[in-house]
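Student: Could you have a look at this structure, given as structure tokens, before my questions?
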């Protein structure tokens, strides 16, 4: 009899491995993420994704390299890479979070700007955003002294001349 045969070669793709994503730091509002790096993955990076608070949805980023730097950010953002090897399922890497600190606002000093010599003015910082690091004051506008008080209300030392704060 007659016979017919056919041969087929089945290629095997190793399972996708998403690797490990590193980078991500605390930045000031308006800065980029810095370089985020994916290492130890098996397959190809098919895209990156990002998510913002409440971190329940991911938005695709058309980027296929294993390093990524974001555009300037205005809010805390999580990033991850998506990797796929051949016909195997795509997998997401761990995420890294870039925490965005809002731009500080100096605010305004409120208080009595007319006091008797030998008095101690009480000043209050209002309308500020951020952390008070210290209060500074100067009797001549050139040499500034500092007080490490981080409270919004500052009980200035006794003054006997015009003083700037």
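Numbering (this note's numbering), first residue to last: -9 to 155.
Cβ atoms here follow ideal geometry from the backbone N, Cα and C, with glycine treated the same way.
(1) What's the gap between the Cα of residue -3 and the Cα of residue 34?
(2) Does DSSP classify residue 48 as helix, strand or coil?
(3) What are the start and end residues of the beta strand (DSSP E) that includes residue 74?
(4) Report the rounded CA-to-CA distance for residue 153 versus residue 90, giving the unit in angstroms.
(5) Alpha carbon to alpha carbon, how far is residue 0 from residue 15? Give it in angstroms, no decimals.
(6) Does the beta-carbon distance from residue 26 to residue 6 come in below 8 Å?
(7) Spatial neighbours of residue 131 within its chain, please: C-beta separation below 8 Å, excluding the five flanking residues on both sides.
(8) Counting beta carbon pairs with one atom in the region 65 to 84 and one in the region 43 to 55, are three or more of them shorter than 8 Å?
(9) Should residue 63 be labelled buried (16 or more other beta-carbon atoms within 10 Å of its own) or exposed?
(10) Let me confirm a value: residue 28 is counted as buried when at least 16 other C-beta atoms fall within 10 Å, else exposed. Which label applies?
(11) Hey, is the region 103 to 115 in contact with the region 143 to 152, meaning 3+ C-beta pairs nearer than 8 Å?
(12) Straight-line CA distance for residue 99 to residue 55?
(13) Pick out whichever of 82, 88, 105, 149 has its Cα sitting closest to the Cα of residue 20.
(14) Use the C-beta contact count for residue 17: other C-beta atoms within 10 angstroms, 16 or more gives buried, fewer gives exposed.
(15) In whole angstroms, what is the alpha-carbon distance linking residue 36 and residue 133?
(16) Give me the Cα-Cα distance between residue 110 and residue 38, rounded to the nearest whole angstrom.
Tutor: Straight from the coordinates:
(1) For residue -3 and residue 34, the distance between alpha carbons rounds to 30 Å.
(2) Residue state, collapsed to three classes: coil.
(3) 67 to 74
(4) 36 Å
(5) 45 Å
(6) no
(7) 154
(8) yes
(9) Only buried fits residue 63, as 16 or more other CB atoms lie within 10 angstroms of its CB.
(10) Residue 28 should be labelled buried.
(11) As far as the Cβ criterion goes, the region 103 to 115 touches the region 143 to 152, which means the pair count is three or higher.
(12) 49 Å
(13) 88
(14) Residue 17 is buried by the Cβ-count criterion.
(15) 58 Å
(16) One Cα belongs to residue 110, the other to residue 38, and the distance between them is close to 58 Å.
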